[in-house]
Structures are given as structure tokens and as C-alpha cells.
Amino acid sequence: MRVFYFTGLLFLCVHIQLKAQTYNLYFGSCQHQEKPLNLLKTVANLQPDAFIYLGDNIYADTYDSVKLQQKYQQLAANPDFQALQKSTTIYATWDDHDYGVNDVGKYYPLKEASKRIFLTFFKEPARSNRWKHEGIYTVNYLKYKRIRIQLIVLDTRTFRSDLRLFNATTDVKDSSFHYQLDYVPNATCDSSFLGEAQWAWLEKTLKKRADLRIVCSSTQLAHSYNGYESWNNFPCEKERFFNVLQQTKAKGVVVISGDVHYAELSKVTHPGNYPLYDLTSSGITQSWHFATPNTNRIAGPVMENQVGRIRIDARQKCLYLEIMDGTGAIRISERVAFDALRF
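Using our numbering, the letters of the sequence shown correspond one by one to residues -3 to 339.
Next up, the structure:
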């Protein structure tokens, strides 16, 4: 891993040069519509090839669809968000605070209204399958030179079962956790994270031809258990993800995630699979006062506000997993060869 720091004119010159040589996908999560969105302007000035929102794109936290709509209108009126819209194509999924309320899943009563508002705001075409099926999962195909990129956008809210609360009386707390744990893994496999329809779609999608597959998950997948919300609360579903990768022999899979209000890069090698990288970028405006323990962390954490970037180099046949802070400094940069992401 190498870490670089750029400022001022040098920062812009270097990024312009990199853009000419590579394909640049930026992403982020956790932006409050009432806070300054300076990071979006910085990204817009770099003219990204695409920008991906990973959830908590607004903070609504409501059971009132009118108020939810008003929060989106606040974001729409922000000039920095408008600049980002003009600079590139935006793809998006949601997390809890823009879907409905904190940590909510499939029992949120306004999820259909929330879906309609979400898809309308992000200008989803009328012909899109997202309007036709339950949830907002989707796939988009991007092309850079001879590289076919599959952008797999998951929905980790619409179908998710309730979380199992940590019980201080009956659940054992590891001494490495210096904070109050919220949740524990659900030991049974009858709980749902993605839902059967989405799983069937994901398996079918992974069988299609692609050189690089970017799986967009609002919550972390490759990190170790930390007592907060993530794939780790549904170990059977997480195991199923790795099994689907192995069964489909899908090459080129990397994960990007958000939610936690800091940035880090996690790496895990599941038996029978190639290493899975999970680059977490959170948040654009939100921050947290500590990073949770993560035995799979190989870079970070970055506690300041930041965005993520996947930089694809066709000539070197590799990609760079990167985190950029508000000053333009590259705080994490991990080079991954395409050949390392195959069976």
C-alpha cells in the first residue's frame, strides 16, 4: 500500500493526469442534506467517469413520506450536489436513514413510498426493472477500453429481517470491545438479508460476462464482527455470498460499502475463493469518534470526511482501491491486479 498527499494546483494537475490514463469511479455515503457538501464540489471538479451513492444519501429518519420528500428537495437545492449531477452519471442505492429510520429493514411500513421517492429523485428511467420488482437492486454495465465493468447495486433494506439485539445478561462480550454492542449474529438460517428474489437475480447476474464486478453494498461485508449493523449479523447470508461466488466462478469481484462514518479497506479470503476486498467510504459529511476493531482491516481507518475511488488502469491490467479526503489527499491506495481476482 502506498499513501500520497496532494494539495492545491499540484493536486488538480496530478488528478487530471490520472484521469487521462485511467477510468475513475468515485463513491461515498452518509451525507446530511443540511450540512456543507464541499466534498461533492471537489469530486465534480475532477470530472469522474461515474459517482456511486451507497446509502444514507440524506438523513430523513421519518415515518412521514412528505417529510422524506422534503429532505430530498433540500439535497436537490444544494449547489454542490447540482455540480456533481452536471459533472457525471450518478448511480445509487439506499441505507437505513434514507430508506426510512435507523437500522430498519423489511418491516418499514412506508418502503413502497420510499422507493418511489428514491427512484424519482435519482431519475430512474421509466423502462427500468427497478420499477417492476420489489426493492431497488439493479445492475449497470460500463465499458472502459476492452474492460467490461459490471456495477452490481444491492438492496440491503427491503428484504432484511429484524436484527437480534445484544443482551448483556446472556450474550458474551469480547474484551476487545470497549463500547456497548448493539447486535449479535442471528444463529439460525431462516432470517433474510437480500431475500430470495434478489439472491436469484444476483446469481444470474454473476454468471454474465464481465472483467470487473463492483458489488455496491450499503453495509460492510468483508470486515470482522463489531457488534454494529452489517452482513455479520446474518452469517448464513454472508456464507451464501461466498458460495454464490464460488458456484458461479465470477471473476473480478470487489465490494464497496458505507454506513460506519469512517473509511477503511478490509480483505478476507474465504476457503475456495480468491481474496475479497471491501473498500468502505463513509461519510461525506458524517463522522464517528472511533473505529471499531476489525481483524480484516489492511488499511485505515480514516476518520475525516472522505470519498472512495476505484481507479482502473487498462494498460497495467489492475485497479486501485483509494480513499480521498476533503483536501484531495489520497489516504488509502491499494493496487490489485485483475489476475488476483479470479479462481
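All C-beta atoms in this analysis are idealised placements derived from N, C-alpha and C, irrespective of residue type, glycine included.
Notebook entry, point to check: In the DSSP assignment, what residue or residues form a beta bridge with Thr134?
Noted result: Residue 134 sits at position 138 when you count from the first residue of the sequence shown. Beta-bridge pairing links Thr134 to Val149.
Notebook entry, point to check: For Lys119, which of helix, strand or coil comes out of DSSP?
Noted result: Here residue 119 refers to the residue found at position 123 of the sequence shown. The answer is coil: DSSP assigns Lys119 none of H, G, I, E or B.
Note to self: If distances are taken between C-alpha atoms only, which option among Ala287, Phe238, Met320 and His257 comes closest to Thr281?
What the structure shows: Residue mapping note: residue 281 aligns to position 285 of the sequence shown, counting from 1. Distances from the alpha-carbon of Thr281 to those of Ala287, Phe238, Met320 and His257 put His257 closest.
Check: Do you know offhand how far Asp99's Cα is from Val251's?
Finding: The sequence position of residue 99 within the sequence shown is 103, counting from 1. The sequence position of residue 251 within the sequence shown is 255, counting from 1. The C-alpha of Asp99 lies about 21 Å from the C-alpha of Val251.
Margin query: Is the beta carbon of Thr165 closer than 7 Å to that of Gly131?
Written below: As a position in the sequence shown, residue 131 is number 135, starting the count at 1. As a position in the sequence shown, residue 165 is number 169, starting the count at 1. Result no, Cβ atoms of Gly131 and Thr165 do not sit closer than 7 Å.
Item checked: Euclidean distance between Cα positions of Ser124 and Asn239 -> The residue given as residue 124 occupies position 128 in the sequence shown. The residue given as residue 239 occupies position 243 in the sequence shown. Note on geometry: alpha-carbon atoms of Ser124 and Asn239 lie some 29 Å from one another.
Check: Taking DSSP as the reference, what is the three-state secondary structure of Pro271?
Finding: Here residue 271 refers to the residue found at position 275 when the sequence shown is read from its first residue. Taken through DSSP and simplified to helix, strand or coil, Pro271 comes out as coil.
Note to self: Assuming contact is defined by CB atoms lying nearer than 7 Å, are Asn53 and Asp94 in contact in what I supplied?
What the structure shows: Locating residue 53 in the sequence shown gives position 57, counting from the first residue. Locating residue 94 in the sequence shown gives position 98, counting from the first residue. In terms of Cβ geometry, Asn53 and Asp94 form a close pair [threshold 7 Å].
Notebook entry, point to check: Considering only C-alpha positions, which residue in the set Leu217, Leu272 and Ser214 is nearest to Gln242?
Noted result: Along the sequence shown, one-based indexing puts residue 242 at 246. Checking every option, the nearest Cα to that of Gln242 belongs to Leu272.
Checklist line | Alpha-carbon to alpha-carbon, Leu115 and Gln27 | finding: Here residue 27 corresponds to residue number 31 of the sequence shown, with the count starting at 1. Here residue 115 corresponds to residue number 119 of the sequence shown, with the count starting at 1. Computed Cα separation, rounded: 18 Å.
Margin query: My output table needs one value for Tyr179: the three-state DSSP class, helix, strand or coil.
Written below: The sequence position of residue 179 within the sequence shown is 183, counting from 1. Strand, per DSSP.
Margin query: Contact between the region 208 to 222 and the region 140 to 159 is defined here as three or more beta-carbon pairs at a separation below 8 Å; is this criterion met?
Written below: Output reads yes: the region 140 to 159 touches the region 208 to 222.
Next item on the list: Starting from Cys314, follow its DSSP beta bridges and name the residues at the other end.
Entry: Working through the sequence shown from its first residue, we reach residue 314 at position 318. Bridge partners of Cys314: Asp309 and Ala333.
Margin query: Given this structure, state the Cα-to-Cα distance separating Val332 from Ala218, to the nearest angstrom.
Written below: By one-based count along the sequence shown, residue 332 stands at place 336. By one-based count along the sequence shown, residue 218 stands at place 222. Rounded to the nearest whole angstrom, the C-alpha separation of Val332 and Ala218 is 16 Å.
Notebook entry, point to check: In three-state DSSP terms, what is Val344?
Noted result: As displayed, the chain neither begins before -3 nor continues past 339, which places residue 344 out of reach and without an answer.
Note to self: Could you give the first and the last residue of the continuous beta strand (DSSP E) run that contains Val298?
What the structure shows: As a working mapping, residue 298 is identified with position 302 in the sequence shown. Arg293 to Val298 is the span of the beta strand (DSSP E), which, as asked, contains Val298.
Checklist line | Proximity below 7 Å, CB of Ile308 to CB of Tyr140 | finding: Residue 308 sits at position 312 when you count from the first residue of the sequence shown. Residue 140 sits at position 144 when you count from the first residue of the sequence shown. For Ile308 and Tyr140, yes; Cβs fall inside 7 Å.
Note to self: So the candidates are Ala73, Trp197 and Leu36; which of them puts its Cα closest to the Cα of Tyr22?
What the structure shows: Indexing the sequence shown from 1 puts residue 22 at position 26. Ranking Ala73, Trp197 and Leu36 by Cα distance to Tyr22 puts Leu36 first.
Next item on the list: Have a look at Asn292, Met320 and Phe334 and flag the residue whose alpha-carbon is nearest the alpha-carbon of Ile328.
Entry: As a first step, residue 328 is located in the sequence shown; it is residue number 332 there, counting from the start. Measuring from the Cα of Ile328, the nearest candidate turns out to be Met320.
Notebook entry, point to check: Is the Cβ-Cβ distance between Tyr68 and Phe118 less than 7 Å?
Noted result: Reading the sequence shown from its first residue, position 72 is the one you call residue 68. Reading the sequence shown from its first residue, position 122 is the one you call residue 118. The Cβ-Cβ distance between Tyr68 and Phe118 does not fall below 7 Å.
Next item on the list: Return helix, strand or coil for Leu161, following the three-state DSSP convention.
Entry: Residue 161 sits at position 165 when you count from the first residue of the sequence shown. Three-state result, Leu161: strand.
Check: Asn20 lies in the beta strand (DSSP E); which residues open and close that run?
Finding: Taking the first residue of the sequence shown as position 1, residue 20 is located at position 24. Per DSSP, Asn20 belongs to the beta strand (DSSP E) from Tyr19 to Gly24.
Notebook entry, point to check: DSSP on Asp94, reduced to helix/strand/coil?
Noted result: By one-based count along the sequence shown, residue 94 stands at place 98. Asp94 carries a helical assignment under DSSP once its states are collapsed to helix, strand and coil.
Next item on the list: Drop a sphere of 10 angstroms on the beta-carbon of Gly372, count the other beta-carbons inside from all chains shown, and report buried for 16 or more, exposed for fewer.
Entry: Only positions -3 to 339 of the chain appear in this structure, which leaves residue 372 out of reach.
Next item on the list: Check Gln69 in the structure and name its three-state DSSP category.
Entry: Position 73 of the sequence shown, counted from the start, is the residue given in the question as residue 69. Looking at Gln69 - three-state DSSP - the assignment turns out to be helix.
Next item on the list: Please say whether Asn269 and Leu159 have beta carbons closer to each other than 7 Å?
Entry: On the sequence shown, position 163 is the one that residue 159 refers to. On the sequence shown, position 273 is the one that residue 269 refers to. It is not a contact, given that the beta carbons lie outside the stated cut-off.
Check: Where does Ile328 fall in DSSP's three states?
Finding: Along the sequence shown, one-based indexing puts residue 328 at 332. The answer is strand: DSSP assigns Ile328 an E or B state.
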